[in-house]
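**Q** Chains F and U, in that order, are what the protein sequence lines are.
The first sequence maps to residues 1 to 173 in this note's numbering.
The second sequence maps to residues 1 to 173 in this note's numbering.
Even for Gly, the Cβ is constructed at its ideal location relative to N, Cα and C.
Only a predicted model underlies this, so the values are computations on that prediction, with no experimental measurement involved.
Before I ask anything, here is the structure I am working with.
Protein chains: 2
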Amino acid sequence: MLHNHSKTYLGGTATPKIAFIQHDHAHCASDIMKRAELLARTRGTRLTPVRRRVLEILLEKHQAMGAYDVLQRLATDGFGNQPPVAYRALNFLVKQGLVHRIQQLNAFTACMNPSETHTPAFLICKECNVVAEANTAPVRRALNEAADSFCFAIESSTIEAIGLCPRCQGSVI
Amino acid sequence: MLHNHSKTYLGGTATPKIAFIQHDHAHCASDIMKRAELLARTRGTRLTPVRRRVLEILLEKHQAMGAYDVLQRLATDGFGNQPPVAYRALNFLVKQGLVHRIQQLNAFTACMNPSETHTPAFLICKECNVVAEANTAPVRRALNEAADSFCFAIESSTIEAIGLCPRCQGSVI
DNA sequence: ATTGACACGTTATAATATAACACTCATAAG
DNA sequence: CTTATGAGTGTTATATTATAACGTGTCAAT
Chain F
1 MLHNHSKTYL
11 GGTATPKIAF
21 IQHDHAHCAS
31 DIMKRAELLA
41 RTRGTRLTPV
51 RRRVLEILLE
61 KHQAMGAYDV
71 LQRLATDGFG
81 NQPPVAYRAL
91 NFLVKQGLVH
101 RIQQLNAFTA
111 CMNPSETHTP
121 AFLICKECNV
131 VAEANTAPVR
141 RALNEAADSF
151 CFAIESSTIE
161 AIGLCPRCQG
171 SVI
Chain U
1 MLHNHSKTYL
11 GGTATPKIAF
21 IQHDHAHCAS
31 DIMKRAELLA
41 RTRGTRLTPV
51 RRRVLEILLE
61 KHQAMGAYDV
71 LQRLATDGFG
81 NQPPVAYRAL
91 NFLVKQGLVH
101 RIQQLNAFTA
111 CMNPSETHTP
121 AFLICKECNV
131 VAEANTAPVR
141 RALNEAADSF
151 CFAIESSTIE
161 AIGLCPRCQG
171 SVI
């Protein structure tokens, strides 16, 4: 990941490429926390301490994290250290659209666009594990067309690509 | 699923819609077994009894099956009944492109187009669990474009949609 | 006949995920 | 105020999915 932790904040709504480029991550993370709180207030859901902490943990990096890794972090922070503690918070955050589940990794990553209701495509770097969210409007359009020709009614879909992020393409093994 | 087991074979290479429409499944399955054997001979790989049996089991229906369900079937057929037996055969078949892994279900389904090297999109019916393979050329094109704009180099990708198949849309609960 | 690679069966264990129950606490109904 | 009610949390236990590691067998090429 490419956090310079400088003042070069990119401003406003993050570009989708945020995970792949240098940015003021402290700002980017706190920004999303604020949006999460706003969202919770708006929806009447509760962003409780565990839930908030899980989101913070996932926001530390743009990489996906397994539930048990999150759990370990929670335990050191004094929260319960049994699996349901982590899974419940993660599932809540996923339901709220604040966290995405990465199927290919059985792992979770903070959503970088919590205000939009979206189901992005995930670009997962197999070297550094960074996960970026790509807009899927055209992809989804193509998928819907395919489904239509089958008379299949899509309810939700998952699009995940494994490969190399721009940075890791330079340093291929 | 819609097996009439009649003589109405659709002929030649199966239509991608095969999973969703009535067809002579015995024929459709034996057809694919033959292709699998040919493929193994061509590639110098071995379609051993366990592997063959696993493929047969998956070919019984167009639904995805968990590794442990496959294992149970293997056990009753006199093969080993420890997980590695099933996983090894399944992984072999996946590597050969004869079986697909459905990430959303942690399950496996026989490939209906084993001759093509393809990575289809999967249309998974949440009612009857039938899995169809949709051509992804346009979808993949859109995905590649999105990835390009990130300078992300895709190596493999997974596209899975959950929803209702044509038949189950009529009888929605 | 021997070797070497692949496949198989088994034991054991890892990794991921959920069920079920007891307790707390905020809150809103009485 | 006080008492139901429901949501959230912590815990125990267990389910589900998957792999590591080792010994044995099989078969084809030497």
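#1: Tell me the DSSP bridge mates of Thr109 of chain U?
#2: On the DSSP bridge list, what partners appear for Val131 of chain F?
#3: Per DSSP, what are the beta-bridge partners of Gly163 of chain U in this structure?
#4: With a 10 Å radius around its C-beta and 16 neighbouring C-beta atoms as the bar for buried, classify Pro49 of chain F as buried or exposed.
#5: One question on the structure: do Leu71 of chain U and Pro83 of chain U come within less than 9 Å of each other, judged by their Cβ atoms?
#6: Could you please tell me which residues of the stretch 93–112 of chain F, in chain order, have their CB closer than 8 Å to any CB of chain U?
#7: Determine whether the beta carbon atoms of Cys243 of chain U and Phe20 of chain U lie at a separation below 9 Å.
#8: Can you tell me the Cβ-Cβ gap for His23 of chain U and Val131 of chain U, rounded? I've got them flagged as a contact below 8 Å.
#9: What residue range does the alpha helix (DSSP H) around Ile57 of chain U cover?
#10: Checking 9 Å against the spacing of the C-beta atoms, do Ala134 of chain F and Phe122 of chain U come in under that value?
#11: Decide if Arg141 of chain F is buried, meaning its Cβ has at least 16 other Cβ atoms within 10 Å, or exposed.
#12: If you draw a straight line from the C-alpha of Tyr68 of chain F to the C-alpha of Phe79 of chain U, how long is it?
#13: Please name the residue or residues paired with Met65 of chain F in a DSSP beta bridge.
#14: Suppose the cutoff is 7 Å on Cβ atoms and the five residues either side in sequence are ignored; what does the same chain contact list for Val85 of chain U look like?
#15: Let me check understanding here. Comparing Cα to Cα, which of U:Glu145, U:Ile162, U:Val99 lies closest to Glu127 of chain U?
**A** According to the structure data:
#1: The residue labelled residue 109 of chain U in the question sits at position 109 within the second sequence. Residue pairing by DSSP places Thr109 of chain U opposite U:His100 in a beta bridge.
#2: Translated into the one-based positions of the first sequence, residue 131 of chain F becomes position 131. DSSP output for Val131 of chain F lists F:Ile124 as bridge partner(s).
#3: For the purposes of this step, residue 163 of chain U is taken as residue 163 along the second sequence, with counting starting at 1. DSSP lists F:Ile154, U:Cys125 as partners of Gly163 of chain U.
#4: Indexing the first sequence from 1 puts residue 49 of chain F at position 49. Around the beta carbon of Pro49 of chain F, fewer than 16 other beta carbons sit within 10 angstroms, so the residue counts as exposed.
#5: Numbered from its first residue, the second sequence carries residue 71 of chain U at position 71. Numbered from its first residue, the second sequence carries residue 83 of chain U at position 83. Contact annotation: Leu71 of chain U and Pro83 of chain U have beta-carbon atoms nearer than 9 Å.
#6: Cβ contacts with chain U: Gln103, Gln104.
#7: No statement about residue 243 of chain U is possible, as the shown extent of chain U runs from 1 to 173 and does not include it.
#8: For the purposes of this step, residue 23 of chain U is taken as residue 23 along the second sequence, with counting starting at 1. For the purposes of this step, residue 131 of chain U is taken as residue 131 along the second sequence, with counting starting at 1. With a contact defined as Cβ atoms closer than 8 Å, His23 of chain U and Val131 of chain U miss out at about 15 Å.
#9: Against the second sequence, residue 57 of chain U aligns to sequence position 57. Following the DSSP letters along the chain, one finds Ile57 of chain U inside the alpha helix (DSSP H) bounded by residues 49–59.
#10: On the first sequence, position 134 is the one that residue 134 of chain F refers to. On the second sequence, position 122 is the one that residue 122 of chain U refers to. Contact: no.
#11: As a first step, residue 141 of chain F must be located in the first sequence, where it is residue number 141. It is exposed - the Cβ of Arg141 of chain F has fewer than 16 other Cβ atoms within 10 Å.
#12: In the first sequence, residue 68 of chain F corresponds to position 68, counting from 1. In the second sequence, residue 79 of chain U corresponds to position 79, counting from 1. Distance between the alpha carbons of Tyr68 of chain F and Phe79 of chain U is about 35 Å.
#13: Position 65 of the first sequence, counted from the first residue, corresponds to residue 65 of chain F. Partner residues in the beta bridge of Met65 of chain F, as assigned by DSSP, are F:Phe108.
#14: In the second sequence, residue 85 of chain U corresponds to position 85, counting from 1. Counting only Cβ-Cβ distances below 7 Å, and skipping sequence neighbours, we find Val50, Leu71, Leu74, Phe79.
#15: Walking along the second sequence from the start, residue 127 of chain U turns up at place 127. Of the listed residues, the one whose Cα sits closest to Glu127 of chain U is U:Ile162.
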